[in-house]
Amino acid sequence: MMGTELRGLRRRRPEVAGTVLAGTDGLLISSDLPTTDATHLAALAAASFGLGHRMAATVRQGEFHESVVHTAAGCVVTYPAGRDALLTLVAAPGADLAALREEARGVVRRTGPALAACRRPTLLPDQPDPHAPLAVRTPMASMPNQRPRRAQSITWRRPPI
Numbered sequence: 022m023m024g025t026e027l028r029g030l031r032r033r034r035p036e037v038a039g040t041v042l043a044g045t046d047g048l049l050i051s052s053d054l055p056t057t058d059a060t061h062l063a064a065l066a067a068a069s070f071g072l073g074h075r076m077a078a079t080v081r082q083g084e085f086h087e088s089v090v091h092t093a094a095g096c097v098v099t100y101p102a103g104r105d106a107l108l109t110l111v112a113a114p115g116a117d118l119a120a121l122r123e124e125a126r127g128v129v130r131r132t133g134p135a136l137a138a139c140r141r142p143t144l145l146p147d148q149p150d151p152h153a154p155l156a157v158r159t160p161m162a163s164m165p166n167q168r169p170r171r172a173q174s175i176t177w178r179r180p181p182i
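Numbering-wise (the numbering used here), the sequence shown opens with residue 22 and increments by one.
Okay, structure coming up:
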């Protein structure tokens, strides 16, 4: 199903040069790019998503919707695809990003539930609230300044020189 959706997207939008479907953990799910490029792009998409998600939380402007990287030869756009996946599109220069967004959202609506059903949750630690106060640390001045004494042992003492 995933491969069919990605091929259909490329057929409908010829300016799309490649597609990658990846988990938010950076692992590749499906792609039509060469394997090495797809694996690297999946990891980079997850990093981009993490930064975008964190920025959205920090500025309190709502949920993360997409990440767009404009390059000299086109652009790379990453969209969340459900809770645990990302859809990344590599587009040619001059691509209509608004139309591309609508196509991508359609693919996400169709593939998101299927991905959620088949992906196991990743055991990641909870993200700290960026607005929570820092943990309080005990100043060194309030620490006891005496070290515990070692028990006296009866041993041979070195003669003075």
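Don't be surprised by glycine CBs; every beta carbon is placed ideally from N, CA and C.
Check, Outcome
"Which term fits leucine 72, buried or exposed, when burial requires 16 or more other beta carbons within 10 angstroms of its beta carbon?", "exposed"
"Compute the distance between the beta-carbons of threonine 99 and glutamate 87, then report whether it is under 8 Å.", "yes"
"Between the Cα of glutamine 148 and those of Arg33, Ser52, His74, spot the shortest distance and give me the residue it belongs to.", "His74"
"Return yes when the Cβ of alanine 64 is within less than 8 Å of the Cβ of glycine 47, no when it is not.", "yes"
"Anyone know if the C-beta pair for leucine 108 and leucine 42 falls short of 8 Å?", "yes"
"Taking the C-alpha atoms as reference points, what is the distance between alanine 112 and leucine 27?", "13 Å"
"Runs of 4 residues minimum, wholly inside the stretch 82-149: which ones carry the alpha helix (DSSP H) assignment?", "118-139"
"Look at the Cβ atom of arginine 33, then the Cβ atom of glutamate 124, and state whether they are nearer than 8 Å.", "yes"
"Which of the three DSSP states, helix, strand or coil, is assigned to leucine 48?", "coil"
"Going by other Cβ atoms of all chains shown within 10 Å of its Cβ, with 16 needed for buried, is alanine 67 buried or exposed?", "buried"
"If you run the structure through DSSP and keep just helix, strand and coil, what is alanine 38?", "strand"
"Could you say which of Ala120, Gly44, Ala38 lies nearest to leucine 54 if we only look at CA atoms?", "Ala38"
"Label alanine 94 either buried or exposed according to how many other C-beta atoms from any shown protein chain fall within 10 Å of its C-beta, with 16 as the threshold for buried.", "exposed"
"For alanine 106 and threonine 45, which I take to be in contact (beta-carbon distance under 8 Å), what is that distance rounded to the nearest angstrom?", "7 Å"
"Can you grab the Cα-Cα spacing for the pair leucine 110 / aspartate 117, in whole Å?", "12 Å"
"Measuring alpha carbon to alpha carbon, tell me which of Met76, Glu36, Gly24 ends up nearest serine 51.", "Gly24"
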